[in-house]
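Take a look at the structure below.
Numbering (our numbering), first residue to last: -14 to 237.
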């Protein structure tokens, strides 16, 4: 059995209980060593075989999985954050499915929600934004033209950018064009939930220089939108005048 597990954003305590249990019983662990905290491996069995996928290509990863499964071993493929977001797991699952190998996926806490928690903000504020766009800038991996930053930013929604801080100048230039203004609040969160976490606040006008001054070129979330710093309406959820399935609203 192969289990894909989301390790969470960094802090080893942010893995799910189900994910931790999978690690504890695993005979083989293949972990994303460039991003996953090695502290997760402390709960592995002494007999567990451990592979660092940062030093492996896809075929090597699949070979370990297939051979381990055929030997009747429990295998955990440990990814950073939530494996469904920029985790490159589909290209691992499809070959397994073709071979008839059983697998499951255990979700994890993504870095974009960890970054929002770090700055103590909510993406979806009433009358501000009810939409969150998760995206990345074009790098070595291409991005469909219909999903370019300028067109996405034109929606005015809350945004979280992965894998993009190394191209901060290009990112900001596109976002300013899309939002149509340069006073949109921005927060860059470096290594959210890690011990060396760092938070930088600004606007589209000045965040680029602030990030460059801190020499942040990777492992950072770029959060963009008025949700970071604006007035907002209170929700209906706890409005005392609002009737729900569970309570009767108070008449005005």
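Quick reminder that beta carbons are idealized off the backbone N, C-alpha and C, glycines included.
Residue nearest to residue i in terms of C-alpha spacing, selected from the options
i: residue 148; options: 15, -13, 43, 176; result: 176
i: residue 220; options: 46, 87, 107; result: 107
i: residue 103; options: 160, 184, 13, 155; result: 184
i: residue 168; options: 72, 198, 211, 205; result: 211
i: residue 63; options: 146, 18, 226; result: 18
i: residue 40; options: 123, 20, 51; result: 20
i: residue 238; options: 186, 118, 98, 78; result: Here the chain has residues from -14 to 237 only, and residue 238 is not among them.
i: residue 14; options: -13, 224, 232; result: -13
Rounded straight-line distance, which links the Cα of residue j to that of residue i
i: residue 11; j: residue 80; result: 21 Å
i: residue 163; j: residue 171; result: 14 Å
i: residue 95; j: residue 58; result: 28 Å
i: residue 101; j: residue 166; result: 23 Å
i: residue 85; j: residue 16; result: 23 Å
i: residue 207; j: residue 173; result: 5 Å
i: residue 137; j: residue 230; result: 36 Å
i: residue 36; j: residue 65; result: 15 Å
i: residue 140; j: residue 133; result: 12 Å
i: residue 200; j: residue 228; result: 51 Å
Start and end residues, alpha helix (DSSP H) containing residue i
i: residue 5; result: 2 to 10
i: residue 163; result: 153 to 164
i: residue 78; result: 75 to 83
i: residue 34; result: That residue, residue 34, is in no alpha helix (DSSP H); its beta strand (DSSP E) goes 34 to 37.
i: residue 97; result: 96 to 103
i: residue 55; result: 43 to 55
Span of the beta strand (DSSP E) around residue i
i: residue 88; result: 88 to 91
i: residue 144; result: 143 to 147
i: residue 62; result: 60 to 64
i: residue -8; result: Residue -8 -> no beta strand (DSSP E), and no H or E assigned at all.
i: residue 208; result: 205 to 209
i: residue 119; result: 117 to 121
i: residue 16; result: 13 to 16
* Is the segment 22 to 33 touching the segment 117 to 135 in the sense that three or more CB pairs, one from each, lie closer than 8 Å? -> no
* How about the segment -12 to -5 and the segment 84 to 98: do they share at least three Cβ pairs that are nearer than 8 Å? -> yes
* At what residue ranges does the segment 173 to 201 contain a whole run of the alpha helix (DSSP H), taking only runs of 4 or more? -> 192 to 198
* Contact the segment -6 to 4 vs the segment 177 to 192: 3+ CB pairs below 8 Å -> yes
* **Touch test, the segment 4 to 18 against the segment 193 to 205, Cβ-Cβ under 8 Å, three pairs minimum** => no
* When the Cβ atoms of the segment 107 to 123 are set against those of the segment 207 to 217, are three or more pairs found closer than 8 Å? -> yes
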